[in-house]
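Each remark here refers to the structure printed beneath this line.
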Amino acid sequence: MMSRLTERVMFRSAELGALLALAALAGCKHSGPPVTGLKAVAAGTTIVESSGGHQVGVIGTTLKDPLVVQVNNDQGTAVPGALVEFYGPAGVTFDPATILTDSSGQATTSVTLGTIAGHYQLSAITPGKSKPASLDVVETALGYQQRLGSILADKYCNRCHDPESSPERVSNYDNLEVKPHAFTDGTTLNKMSEADLTAIILHGGPALSRSALMPPYGNTLNASDVRALVAYIRAVADPQYEPAGTVYARR
Amino acid sequence: MQFIRKRLSSGWHTLFGDPVRAFGVVSVALLLALAIAPAKEHFSQWHSYQRHYLAMIHDRGDAVSLRRRFQPGIHQIWLPDLNVTDRCTTCHLGLNEASLADVTQQPFRKHPVVPHSLDGFGCVICHGGQGAATTVAEAHQSERAGEQPILPVRYIESGCGQCHQNALPGTPQLNLGRTMLARYGCVHCHTIARPDGTKLVATDHPPSLMHIADKTTSEWIFSWLKDPQAYAASTTMPDYKLSDTDASDISAYLVSSSTPQAGDTATRNTKSAAPADSSAGPSLYGESFCSSCHAVQNAAGNLVGGDVGPELTRIGNKVKPEWLAAWLDNPRTYDATTPMPHYRFTPQQVATLVEYLQSKSDSDYGSGVHPNLATSVQIAHGRKLIVELGCAACHGINGVQKPENFAPELSTIGSKPLAQIVFLPGMEPSLPGYIGAKIRQPRAFGTSVKMPQFTLTPAQTDAMTTALLAQTNRARSMPDSLRVAATPDTNYQPAGHAGKLITELACFSCHRVNGRGGDMAPDLTWEGSAVQRQWLTEFLHNPNTLRPSLIRRMPRFNLSDSDNKELTDYILAVYESPSIDQDLAPSTARAAEIVEHGRQLFYSRYACQSCHIADIKTDKGYIGPTLTQVGSRLTAAWTYAWLRNPQAMRPGTTEPNQNISDDDAQALTAFLMSLRGPGGHGAKL
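Structure, rendered in structure tokens:
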């Protein structure tokens, strides 16, 4: 009655990582290990992450820390000499892509990210005794804009927003009455619109009735700096940020 | 033969036997010939991509608007000024389409956000490749006409570096690469000129070896030459992969050519000199903030400290105690241009530090090195090696001239034609691959290569490669209007006795003034307008820290009262900002209610306590300097001007410009000026 035009509304997720992950799962376009002469001398039943997941790197570059996974048996003890293969979406390369676990049951590889900014779901697979065991880890690649944001965040924001302290940069987080949100706090920040994040950066906390301890940066940062910061906040959010997407009307 | 002729004549007859038939055949041939051109286009690669693009957008919600913006045919970005003829957009159809952000399929991806528009600069300026080509292979991989294939994305910042000679905030890799080219001594041997003709200047400080025998022994020089990293992991001195004989001959020449210099070694008379205070060594080392510039490896193997001066982990293995005493007494006797300050230590302090530093040694280091007494043949061979290896390009060496243009010029290395490069087996056959391999493993290119082995991380190698790839011919042919010049250090030198003091104290190793100096400590160009005389005098006598969270701090120099006054006078008189007039400071009538209003603004409206401490009992912020005594430290005029616009006073400061109104800034200034420390808090002015 209201309108004879029925509107079909399509929500499009621009989440690159999701698509990449899908692509990887579908097995259509992923990079994986070449056939090597490596022969497993043992087999485990589970594979767990030791370190190197959840890193934030830059597109096309090698991640700072290697990805280390461990193969365990039923009892949870490390298995040396088990075969581990690493897979990732198109563009990701591993060095090495196939490796046997060392004496402590660990397999280490250095990961070079692809050229698209977004999340990369990587898998480590070990053949196992009866069925293969696999592990998924997610790494994040920053593009030009997001990395500019990360540099600005380091200069202006992280002294308060990052609770981690280092000798070179002591965090001010603990000294603040109202605790700022870490930029990785996707649970909170994903709910804020880009306009709200921009407003709070430009005009300070009081602009959105939040803490006055957050000062305004509207006279210090320019518009593209603020866009870069927002892009960075979106890129490192955990859980991952899923934009509402553009809404298209169709007859 | 007969048979072939027969077949030919029958064929001729079939096709052209009578006029009507001949006319038909010729017509068909003509039609086919005419169809070649459209068919070629129809089956061309770019046409197929355009069809794929249309198929891809067909099902999208925004198909109508995407299709409206789509133009069939070959696209071209033509920028004669930049020598750009790019047809990349013929296939890369979605580069400017914001709504295609979710498309991962190439060649239809949207271009990520960058500061420049595609239409203004084209594609190949940053990405390399052949812009005019219309096939994938030709555009991406072709090496024709000395051009380069597409640049891998990890070196993409080199594109920025062609115009931008300054350090951009968004190009950390390029900035690091350029810093390293200057810091690792590359430019001592290689000339690297920017497109405007200015040359990259070295920022390291390779020591002169003219008096080396005063400082250390031939045994240490031998061990050092054999493996510099074994002595100091953080050194920028590369490994020349010398044989034992060569290292010992070079060491022999350096020692034999070294001339003693008066004052280089202090005779340590245990009776007259003050005795060392053994227990005070570590605390004196800490108080003097040696670690702001010098690093020491801790028990966990991590380097702790700055990288301005050499690492001191094994200093006891290297230097002679009597040299060290003379050096600590006055470093400028040995090296007139050293970045090390003249601390004016007392004789006892010198003895204490010498004892403490000598204890930093590794008994295993250099053990078993007992070179024979050098013969004249060995010494002559050592000199020959020094000339061949170009040691004098970095170090001052008696009897050896500094070589000019010792190594190939790298000003246009980013345009080196691939045809001129000999690739090693297993090496990535591209220019970045070649440059990276040259930096990583120079000696792999042949035994005659003199370039030494540097110890670099993969990220450092990539950064240097990026900086070198920016050195292109295209950069030189860019219009001047597009060039953003570098901001090299000025050669500012303060005059008079104060100028001499500033040189002796090596203030510019940490502070920057008028465009010269380091960035470890605040820029002092306008310090004279900022601080009060009494505070400055006291601070120079005993620098108390303003930012408790910093680990690098101003060391204490034992300045005499007259030197202190000289320096204070100079800073206050000369380092004044033209925009600050002390006489026009905000009203001095700071009534109690204005101060109170300022206090409220400080704590509520501007929430300064998130970064500063005004009241030690309640405030906790320690990003900015502590303000409990700011009323006796800063001038009112500076404070007011700073509050109005911090970046105008000190560009790049992290304090945000809060656009504070004139009235509010006056009230805040009044409040801050009332903070005069524990004794004078709230004192009447």
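Here the protein sequences line up with chains W and U, keeping their order.
Everything in the first sequence is counted per our numbering, starting at 149 for the first residue and increasing by one.
Everything in the second sequence is counted per our numbering, starting at 84 for the first residue and increasing by one.
Yeah, the Cβ is synthetic: ideal placement off N, Cα and C, and Gly gets one too.
Just so we're clear, the structure is a prediction, and the values are computed from it rather than from any experiment.
Report yes or no: is there a C-beta of chain W within less than 8 Å of the C-beta of residue i?
i         : result
U:Arg-237 : yes
U:Gly-704 : yes
U:Thr-742 : Checking the sequence, you will find Asn at residue 742 of chain U rather than Thr. Closer than 8 Å to some Cβ of chain W, the Cβ of U:Asn-742 qualifies, so yes.
U:Thr-548 : no
U:Gly-253 : yes
U:Ala-748 : no
U:Pro-195 : yes
U:Ala-553 : no
U:Gln-524 : no
Taking CB distances under 8 Å as the criterion, tell me whether residue i reaches chain U.
i         : result
W:Ala-265 : yes
W:Gly-334 : no
W:Tyr-365 : yes
W:Ile-348 : no
W:Asn-220 : no
W:Ile-299 : yes
W:Ala-355 : no
W:Pro-387 : no
W:Ile-207 : yes
W:Arg-307 : yes
What number of angstroms, rounded off, separates the C-alpha of residue i from the C-alpha of residue j?
i         : j         : result
U:Ala-181 : U:Thr-540 : 38 Å
W:Ala-171 : W:Pro-237 : Residue placement at W:Ala-171 is poorly supported in this model, since its pLDDT is 41, which falls under 50; the coordinates still yield a value, given next. Straight-line Cα distance between these residues: approximately 7 Å.
W:Ala-354 : U:His-580 : Reading off the sequence shown, one finds Pro at residue 354 of chain W, where the question assumed Ala. Distance between the alpha carbons of W:Pro-354 and U:His-580: 52 Å.
U:Val-596 : U:Ala-250 : 19 Å
U:Gly-681 : U:Gly-611 : 25 Å
U:Trp-609 : U:Thr-709 : 20 Å
W:Thr-256 : W:Asn-221 : 18 Å
W:Val-204 : W:Val-216 : 16 Å
U:Ala-527 : U:Pro-739 : 51 Å
U:Ile-504 : U:Tyr-517 : 8 Å
W:Arg-375 : U:Val-196 : 10 Å
U:Phe-99  : U:Lys-123 : 29 Å
U:Pro-508 : U:Thr-281 : 37 Å
U:Gly-205 : U:Ala-502 : 26 Å
W:Ser-314 : U:Leu-633 : 11 Å
Can you pull the DSSP bridge partners for residue i?
i         : result
W:Ser-282 : W:Ile-273
W:Asn-220 : W:Thr-194 and W:Ala-226
U:Val-160 : Reading off the sequence shown, one finds Ile at residue 160 of chain U, where the question assumed Val. Its beta-bridge partners are U:Asp-169.
U:Lys-282 : U:Ala-276
W:Tyr-235 : W:Ser-271
Can you list, in chain order, the residues of its chain whose CB lies under 7 Å from that of residue i, leaving out five sequence neighbours each side?
i         : result
U:Trp-499 : It should be pointed out that residue 499 of chain U corresponds to Lys in this sequence rather than to Trp. Taken in chain order, the residues that qualify are Leu-514.
U:Gly-399 : Leu-440, Gln-441, Ser-442, Lys-443 and Ser-444
U:Gly-582 : Gln-576
U:Leu-117 : none
U:Arg-90  : none
U:Gly-177 : Leu-183, Val-186, Phe-191, Arg-192 and Lys-193
Report the option in the options whose CA atom is closest to the CA atom of residue i.
i         : options                                       : result
U:Trp-410 : U:Lys-298, U:Arg-104 and U:Pro-708            : U:Lys-298
U:Ala-285 : U:Ala-345, U:Cys-477, U:Pro-430 and U:His-125 : U:Cys-477
U:Glu-511 : U:Ser-693, U:Ser-494, U:Ala-553 and U:Leu-234 : U:Leu-234
U:Ser-306 : U:Thr-319, U:Gln-536, U:His-294 and U:Ser-331 : U:Ser-331
U:Ala-542 : U:Phe-528, U:Gly-519, U:Ile-585 and U:Val-567 : U:Gly-519
U:Thr-319 : U:Leu-337, U:Pro-343 and U:Pro-290            : U:Pro-290
U:Leu-629 : U:Trp-725, U:Asp-745, U:Gly-212 and U:Ala-697 : U:Ala-697
U:Glu-487 : U:Ser-317, U:Met-561, U:His-273 and U:Glu-405 : U:His-273
U:Gly-704 : W:Arg-295, W:Ser-319 and W:Val-240            : W:Ser-319
U:Leu-162 : U:Gly-144, U:Pro-155, U:Asp-202 and U:Phe-191 : U:Asp-202
U:Ile-677 : U:Gly-205, U:Ser-757 and U:Gln-484            : U:Ser-757
U:Ile-469 : U:His-247, U:Thr-620 and U:Leu-325            : U:Leu-325
For residue i, which residues from the same chain have a beta carbon less than 8 Å from its beta carbon, with the 5 sequence-adjacent residues on both sides left out?
i         : result
W:Val-378 : Gly-297, Glu-342, Leu-345, Thr-346 and Ile-349
W:Gly-253 : Gly-192, Gln-218, Val-219, Asn-220, Thr-225, Ala-226, Val-227, Pro-228 and Ala-230
U:Pro-311 : Thr-318, Met-320, Pro-321 and Asp-322
For residue i, I'd like the list of residues in its chain whose CB is within less than 6 Å of its CB, leaving aside the five on either flank, ordered along the chain.
i         : result
U:Leu-149 : Ile-140
U:Pro-525 : Val-532 and Met-534
W:Ser-282 : Ser-271 and Ile-273
W:Ala-230 : Ala-188, Ala-190, Ala-191, Gly-192, Val-219, Thr-249 and Thr-274
W:Ser-251 : Pro-228
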